[in-house]
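Visitor: As you go down the protein sequences, you meet chains A, B, C and D in turn.
The first sequence: position 129 = 216 (this note's numbering), numbered continuously.
The second sequence: position 230 = 291 (this note's numbering), numbered continuously.
The third sequence: position 252 = 279 (this note's numbering), numbered continuously.
The fourth sequence: position 86 = 327 (this note's numbering), numbered continuously.
In this text, a Cβ means the ideal position worked out from N, Cα and C, and glycines have one as well.
All of these numbers come straight from a predicted model, not from anything done at the bench.
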Amino acid sequence: MPKLMHKRHDASDIFIHWFNAACWLLLLLTGVGLIQNPAIDPFGSGYPAALRSLVGGGTNLLVIHEAIGVLWILGFVFYLAVNFKGARFFLAEVFTVSPGRDLPWMFKKMVLMTLGPKALKTMGQDPNLPEQGYYNMGQKAFAQASIVGGVIIAVTGVVMLLSDRTFGAESTVMIGWAVALHFIAVGVVFAGLLVHIYMAAISPEERPGFRSMFTGVVPDDYAKHHHRLWWDKVRTGGK
Amino acid sequence: MARQLAMVIDATKCIDCKACVAACKVANKVPEDQWRNWIKHENEVPRVGAAGGGKARFQPGACMHCDNPTCVAACPTGATYKDAENGEVVINEGLCIGCGNCIPACPYGARFRNAEKRKADKCNYCPERRAHGLEPACVDTCPTKARVFGDINDPQSEAGRLYLANKDRLKRVAALTDTKPNMYYLGDLGPEAWGGEAVVPASMVAMKQSAPLIKGIVALSGLGVLAMLGRQLLAGSDHKEDGDA
Amino acid sequence: MPDSNQKLSRRDFFKASGLIAAGAMGGPALLGGLRTAQAAPKAPAWTSGFSACDMCFNKCGLIARVEDGVLTKLDPNPKFLKSRGMLCARGNAGISHVYDPDRLKHPLLRKGARGEGKWQRIPWDEALDMAAEKMAAVRRDYLPCGHLFSAGSDLQSQFVGRLAEVYGSFNITSHESLCLVSNSRAFLDTFGEVPFADVLHSKYIIMAGANRFEALVTPDSMDLMTAMREHGCKLVTLDPRYTKTAALSDEWYPIRPGTDMAFMLALAHVIIGEKLYDAQWIAEKTYGIEQLTEHVKQYTPGFAAEQCGIPAEDIARIARELAAAAPTSMVYPGRRSSDYEDSTQIRRSFAIVNGLLGNWDRPGGLLAARAVGLKGVPYDAPWYDENHEDRIDAETVPMMFEHEGSFMVTRDAVLADDPYKIRGWFIYKTNPMATAPNRKKTIEMMNKMDFITVVDIAMSDTAWFADLVLPSQSYLERTDPCSGLQGSSACACVVKRDPLIEPLYESRPLFDIVKGIAGRLDLGEYFDFTMQEFRTRQLAGLPGAEEILDRDGVYYNPSKVYGIYDGRVYKTLSKKVELYNQRYEQMGIDPLPVYTPPAKVPANQFRLVIGRNALVTQGSTANNGLLHQFVPENTLWLNPEPAERLGIADGDLVEVSSAVGRQSLKAEVTDKIRSDTVYMLTGFNSLSTMQHLAHGNGASIAEVLDGKYDTVTGNAALHQTFVTVTRKVA
Amino acid sequence: MQRKLMLLAASALVMFMTVSMAFALGDGNGRKGKFLYRKNCRTCHNGATAKDLSPADMTQAEWKATFADMSKIKCSGDWTVSEEDVNDIFTYLHDYAKDSPSPAKCS
């Protein structure tokens, strides 16, 4: 008898996720290649120099980065147009945090994943995790960071794109800050990204979750165990 | 010996006729009311009679292609860089987006944001003219030939000859920030220390200060992931709470 | 270089590679294909052509760079020795002159009242018909001399003179009688020729009434710098303003305006008194040393000190230093000398001191014109018995230059219709409305005319008040005749001009315009040649010159520099350097310059003096887009002491008013000018609103200057206007 | 006798005429003189048939001397110009003589 499955993601959700991932990867690669100043080089100036000579110069690299950036933004605009309801649901879920449940979950999960349940016991903490909704707090934290960060990156990106197309000398202060914020936002979100990739794609317990980012459905037991509050609703016919 | 394109200028010969400034504007299509080069005045106080005669000096100048270019240090993307081959401080107009960081970072005010191209702009020694085998526009047109351009490390070039012959008494404009400028003045250059201070915009300072923090955060989360990965691989067996499918 | 700056502009890359799709996959093929070689900066494809600059009279040789039919840069011609291989700021700004958006585009006929600025575009044939018809009418009603012709310093101006002569009019004026005729007259009547200064080899130079490091850049400017910095030449500058020349000279004295003659005669007093001159040269080559010795006894250094405001011992010392450096020393002849009613005599005193130094025709001194070898192209003009006897300004001043005339005297005569009426005016590339003093009189003069035709490149004020305005071509769009130029010790050379770009709009060269008019007046036979034919006849005596001109942009005649007068007589009555001028004596003019102190500047008034700046050519470049950025407006130089007394701060708007007119402009309070003198640049605040940059940018000096003239030559006297300056309450 | 008187009177008249012409010479119409010179004299004095002659070849004094006694001028015999024209031609030659104040252009 086939296992009971629950629908977790629409097709457009899946598309936008992987679209975002692909763009993020390319933008990161080219973006870091655009940074060439010893004071702020993430990996020293070797990488940018190599990448630039690969694509035939900084000019081309910037054009590629800008093109993908614009594509990335258009992708989200397209997603919003196609599945605005899904987007609203996603934002609602991500930004509703119940401190009582979510924060302890976050702390316990971090300890569990690194030091294991014994460490929690020695700290006098109940190793069982509070129940979580559609998204657990880790997912919510990263989502929040990548959304806020993403908006900053997009806005500052557009400012930089328009800088030598429409802006006059009086706006160089704004453009300067756009450069700085772009750099910082990418850095912060990237930090979160590392954890996200591990948790979602490598950590064994989230295998079903990972698969759901392709199939869109999750098995009943996974849902019950990982997202109890969402499982209760789904079982009784909710979403 | 690496090449260093530079100018050796005899300010005593300058008559402030603005030919070099006009020629530069035309040759490089510099927009209205923007300039790539200049002639600095000392506010010469009129001195009557024999005593005070002949002291006035007019000092032609432009971007000095410094050895310690504070402008390059302020550029996030390396759009402007000191060319290792001939010592020129170049602006790659394709890569520069006109963020303007480098402009206040030059203590001599040699940079500006080109109103038409909306990018950083400064003297680049007229590469198009040099490709035609011509001198930069300002050097070519100077009535008294006060400006001499060339590789100061090449004893055959006129600039080199002048540079090496007067090495000990050549003077350079001083600024509050020492950028080691490569514009050398023979004899009395008139105004000496008019250079200002290299000011790095607050946003760039913020970026520089935030870089280590960002690296720290990324490193931290990286460690976290490694820890989790380590735990997963080593202690994979002991927490099979929810055996997957 | 790590990455080539080959400019792959984003837009084409963006469009061409359809990157949006490719970017998503990031295939290696795409990335590999973009690698570009480390190309050197691409040399723009430009063609180069020789020409001669026309932004002032110097005609410096230049090389124009043209990129697909568009002028992009004017470079100096390194082979052009007269300009010492340089091109000044104005020369570089020639491109903004050619591509000035305010340039005249097609023939315009006045609608509405004169000066109202209403114009109607008409076709060329109709315009030429009208010009010829109106000229014929003037000749019918007022005889041929009833028509006035004026032309600026331009290679084609000689054809305006030719048209005038074949039309039958003797009345030709030019800008020379607003500028240098006094100086030319004085040196001509002393040495028999107007000299060129061999500044390069001079050891001691007194520069009075000239400002070679600032007013304009001539061969002397470069030579003076080389002489001072490399040959140890000493420069003494006399100028009421602390100009850049004063700032760079070894000694500067803020001489009281109008007292230069006292200074020069005091120099002569010392040189003769202390026998510092070369007695043998003076005996052999000069005439009148006895009379001069007697004459200058009264002009002691003490006397000059009191007049000029320069210490007597300095005057005496300078005289001795000047004589000690003779013959390689000089009182710099200069050019513009339209200053006082006795300017010719003032400049005679300059020439006489040079005569005492025995520097004529010798290194470091004053040089005669060198043979260039260009041939004239004579023509036999018709004769009209039905005509006035002589020029309208004849017989008013004793020594007027016959074919330069005197604009000032002509203007008065036209206004008085005495001795006869003038009702037609043809003007080419000169702007008396901006350069002649007392602009109201010039307007009155224009209003007397039945018909005025102006040929110019822009709507100057003179064109603004004309009836028919014809668009002329700039110097880079037309074929010009050859011209012989004097480069003092460096060279004597020939230049020519060929078109470097297609003519803009419906502009035509003056030669074609004049040829069209002459044809319509049945005078075509005097213009039955092309410019090329004209040039060939000019170069007849110089075999191979045309090829060399095409190859180098200049042809040098290896003519003698010094000793031109060895064994030749001077073109004076005594056939010698006339310290004492016999012809003056015969004509009742002071054979030796007699000093008369200038009028005292009335209380709380100022003397307005003239001066130039190498970025402005009198009345013709204030609208130049590039030069405007250097000098957007003119200002009134005012000494701090009177400024304080009048409550005027630097930058305040002030009103300058004289007996003839008033203007307002910003004050520039500076200690670089005497307290009894004020100064402003010429050529600003045009009435013509079709010159957007030059309209309303400061003050027009022509409106304020009073219109007196030199009693010997009729040259304008531009330093004799007293003005009051008051702060303008905004 | 009467013929002699007549002859005497005629020669006196001619003498008077030439002398007066010498004194009357000058202040003619130089411009017309240029035209007349070109029309009448230049045709021969173009360096081919006769010496290339232009005003600047002699000084003002030399011109005066030449015209003082016109009979000495070789070609004066075949002049077909009026007295007044000769005076105009002389004025032109004299006013533009080698030592006349000829100006310089603005070069």
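Just verifying my parser: in three-state terms, what is the DSSP assignment at residue 722 of chain C?
Guide: Note: residue 722 of chain C maps to strand in three-state DSSP.
Visitor: Can you look up residue 63 of chain C in the DSSP assignment and give me helix, strand or coil?
Guide: Confidence in residue 63 of chain C is poor, its pLDDT being 36 and thus under 50, which makes the residue's placement unreliable; the coordinate value appears in the next sentence. If DSSP states are grouped into helix, strand and coil, residue 63 of chain C belongs with coil.
Visitor: Kindly indicate the opening and closing residues of the beta strand (DSSP E) around residue 520 of chain C.
Guide: 519-524
Visitor: Rounded to a whole number of angstroms, what is the C-alpha to C-alpha distance between residue 322 of chain C and residue 619 of chain C?
Guide: 7 Å
Visitor: Return yes when the Cβ of residue 239 of chain B is within less than 8 Å of the Cβ of residue 129 of chain B, no when it is not.
Guide: yes
Visitor: Within its chain, find whatever has a CB closer than 7 Å to the CB of residue 148 of chain A; leave out the 5 residues flanking it on each side and keep chain order.
Guide: Short of 7 Å from the beta carbon of residue 148 of chain A, and not among the five residues preceding or following it, lie these beta carbons of its own chain, in chain order: 117, 120, 121, 138, 139 and 142.
Visitor: How about residue 240 of chain C: is its C-beta nearer than 8 Å to some C-beta of chain B?
Guide: yes
Visitor: Under 8 Å, do residue 236 of chain A and residue 316 of chain A count as touching if we go by C-beta distance?
Guide: no
Visitor: Return the bridge partner residues of residue 690 of chain C from the DSSP annotation.
Guide: Answer is C:683.
Visitor: Check the C-beta distance from residue 224 of chain A over to residue 193 of chain A and give it rounded, since I have them as a contact under 8 Å.
Guide: 4 Å
Visitor: Is DSSP giving residue 655 of chain C helix, strand or coil here?
Guide: helix
Visitor: Which of the three DSSP states is assigned to residue 102 of chain B in this structure?
Guide: Of the three classes helix, strand and coil, the one that applies to residue 102 of chain B here is strand, per DSSP.
Visitor: Using a Cβ cut-off of 8 Å (strictly closer), state whether residue 214 of chain B contacts chain A.
Guide: no
Visitor: Compare the C-beta of residue 86 of chain B against all C-beta atoms of chain C and say whether one is closer than 8 Å.
Guide: Residue 86 of chain B counts as touching chain C.
Visitor: How many Å lie between residue 50 of chain C and residue 108 of chain A at the Cα?
Guide: Residue placement at residue 50 of chain C is flagged as unreliable, the pLDDT there being 43, under the threshold of 50; a coordinate-derived value is accordingly withheld.
Visitor: State the Cα-Cα distance for the pair residue 615 of chain C and residue 739 of chain C, rounded to the nearest angstrom.
Guide: Roughly 11 Å separates the two Cα atoms.
Visitor: What's the gap between the Cα of residue 146 of chain B and the Cα of residue 115 of chain C?
Guide: 33 Å
Visitor: Of all Cβ atoms in chain C, is any one closer than 8 Å to the Cβ of residue 293 of chain D?
Guide: no
Visitor: Using only alpha-carbon positions, find the residue among B:90, B:167 and B:231 that is nearest to residue 250 of chain B.
Guide: Among B:90, B:167 and B:231, the Cα nearest to that of residue 250 of chain B belongs to B:231.
Visitor: Quick check: residue 126 of chain A and residue 272 of chain B, are their CB atoms within less than 8 Å of each other?
Guide: yes
Visitor: So is residue 127 of chain B in contact with chain A if we call contact Cβ pairs under 8 Å?
Guide: Between residue 127 of chain B and chain A, the shortest Cβ-Cβ separation is not below 8 Å.
Visitor: Is residue 280 of chain D close to chain C? Criterion is C-beta to C-beta, closer than 8 Å.
Guide: yes
Visitor: So residue 158 of chain B contacts chain A; which residues on that side make the cut at Cβ distance below 7 Å?
Guide: Those are 247, 250 and 251, listed as they occur along chain A.
Visitor: Count Cβ pairs between the segment 719-732 of chain C and the segment 430-446 of chain C that sit closer than 8 Å; are there 3 or more?
Guide: no
Visitor: Are the beta-carbon atoms of residue 419 of chain C and residue 447 of chain C separated by less than 8 Å?
Guide: yes
Visitor: Identify every run of the alpha helix (DSSP H) within the segment 249-284 of chain A, keeping only runs that are complete inside it and at least 4 residues long; order them along the chain.
Guide: Qualifying alpha helix (DSSP H) stretches, in chain order: 259-284.
Visitor: Quick one: grab the DSSP three-state call for residue 407 of chain C.
Guide: Here DSSP, grouped into helix, strand and coil, assigns residue 407 of chain C to coil.
Visitor: Note down, in chain order, all residues in the segment 212-223 of chain C with a beta-carbon under 8 Å from any beta-carbon belonging to chain D.
Guide: Along the segment 212-223 of chain C, the positions whose C-beta sits under 8 Å from a C-beta of chain D are 212, 215, 216, 219, 220 and 221, read in chain order.
Visitor: Would you report the Cα separation of residue 100 of chain B and residue 78 of chain B, rounded to the nearest angstrom?
Guide: 9 Å
Visitor: Which chain C residues sit within Cβ distance under 7 Å of residue 94 of chain B?
Guide: 656
Visitor: Out of C:445, C:412 and C:481, which has the shortest C-alpha to C-alpha gap to residue 422 of chain C?
Guide: C:445
Visitor: Can a CB atom of chain A be found closer than 8 Å to the CB of residue 313 of chain B?
Guide: Residue 313 of chain B falls outside the range modelled here, since chain B spans only 62 to 306, and no answer is possible.
Visitor: Residues in its own chain within less than 7 Å of residue 513 of chain C by CB, not counting five upstream and five downstream?
Guide: 223, 396, 397 and 519
Visitor: For residue 270 of chain D, which residues of its own chain have a beta-carbon under 7 Å away from its beta-carbon, when the five flanking residues on both sides are left out?
Guide: For residue 270 of chain D, where only same-chain residues beyond five positions count, the Cβ hits under 7 Å are 329 and 332.
Visitor: For residue 117 of chain A and chain B, any beta-carbon pair shorter than 8 Å?
Guide: So, not an interface residue.
Visitor: With 8 Å as the threshold, decide whether the Cβ of residue 141 of chain B is near any Cβ in chain C.
Guide: no
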